[in-house]
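Here the numbering used here = 1-based position in the sequence shown + 2.
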Amino acid sequence: MIRTVFAATVAVSVSALAALADPAVVMAPGGAGGGYDATARLPFEAMAAEGIFTDGATFTNKGGAGGTIGLTEFVNSSRGNDNAVMSMGVIMVGGILLNNSPVTLKDVTPLVRLTNDTGVVAVGPDSPIQSVEDLVAALKADPGAVAVGGGSAGGVDHIAAALVAKEIGVDPAKLNYIPYDSGAETVTALGGGALTVAISGVSEFKPMADAGRIRIIAVTSEGRIDGIDAPSLTEAGINVVIGNWRGIVGAPDMTAEGKAMWLDRFGKMHDSQAWKDILAKQGWVDAYLAGDDFAAFLAEEEVRTGTVLKDVGLIQ
């Protein structure tokens with residue numbers, strides 16, 4: 003009888019280990035090579051390099067509609083799967099609202115916020131706008147005459163512009179915001195005079211500034227950034243702090259054990275040298291926030307994003 007119980011216990015233990023050893027199933031709700039793709043893949047590279055998780059992963063890219071197409075597929079295909087995770091970020095928060103998505107972040111299991119790509123506010127090299135004060139004066143005088151460029155309508159760049167307008171007493175709905183598909187197109191428009199000012203991530207705009215193609219007049223982080231000679235908006239008197247943060251969520255109905263397993267893995271990864279090296283190479287800011295703290299942050303972001311999108315007239 004003792005041998006039977008022992009054998010059964012060993013069998014259960016081996017079965018449990020086999021279940022946990024399955025490759026991760028990872029959704030990247032954006033195209034190959036983009037921010038969501040890198041956020042999905044690079045943590046697994048770091049975990050493999052450090053021996054934290056070495057069972058491999060299968061990746062699926064499903065872009066469109068601010069990430070909500072990938073989100074919908076993830077929710078519908080992975081319910082209850084403790085091995086399934088998805089990359090996501092602030093753009094998805096807005097995409098859910100803009101597309102009136104029936105599937106939301108309430109349908110997934112928040113795990114970790116990982117990174118932040120701080121925004122920068124830039125002008126052309128020969129622009130008469132030399133400072134944040136000059137930009138504020140121009141917006142107050144005639145917001146429609148200040149062409150502001152950035153990423154997709156309702157995205158983080160648009161939200162940053164709307165928050166600045168609101169903070170300085172300008173109706174965000176009166177902003178002349180022009181969306182572009184890429185930072186390169188935005189820089190070209192800025193240099194050609196089609197734009198007065200542009201907003202994008204520091205990882206995209208700093209190389210352009212270093213090459214003399216644009217001039218950065220502010221950053222959207224709480225304080226200054228090494229290597230950029232420009233104040234934060236807060237330092238310039240505008241209480242706006244925002245960035246293009248990204249993170250990882252788990253499958254709907256992930257078990258408590260599954261959630262704890264991933265939080266342990268990501269916690270170890272976050273402390274690893276391999277992950278620190280990836281942050282430096284990608285130009286990402288460490289923005290680690292885990293578990294219930296991340297869930298609370300998501301709830302706040304949904305409210306803030308919804309308020310801004312209503313202010314600019316993109317949602318009712």
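All C-beta atoms, glycine included, are put in the ideal place defined by N, C-alpha and C.
Treat the numbers as computed from the prediction; the structure is a model and nothing was measured.
| Asked | Found |
| --- | --- |
| C-beta contact flag for Ser-103 and Leu-141 at 9 Å | no |
| Distance CB(Ile-250)-CB(Pro-31) smaller than 9 Å | no |
| DSSP beta-bridge partners of Thr-2 | Because the chain spans 3 through 318 in this model, residue 2 falls outside it and cannot be assessed. |
| Beta-carbon proximity of Val-138 to Val-199, cut-off 9 Å | no |
| Coil, strand or helix - Gly-239 by DSSP | coil |
| For Arg-115, the first and last residue of its enclosing beta strand (DSSP E) | 111-125 |
| Straight-line Cα distance separating Asp-228 from Val-123 | 16 Å |
| CB of Val-243 within 9 Å of CB of Glu-259, strictly | no |
| Close Cβ partners of Val-92 (< 7 Å) along its chain, the five nearest in sequence each way excluded | Val-158, Asn-246, Trp-247, Glu-303 |
| Arg-217 in three-state terms, based on DSSP | strand |
| Test item: CB-CB of Lys-270 and Met-94 under 9 Å | no |
| Contact the stretch 174-183 vs the stretch 299-314: 3+ CB pairs below 8 Å | yes |
| Touch test, the stretch 291-305 against the stretch 109-116, Cβ-Cβ under 8 Å, three pairs minimum | yes |
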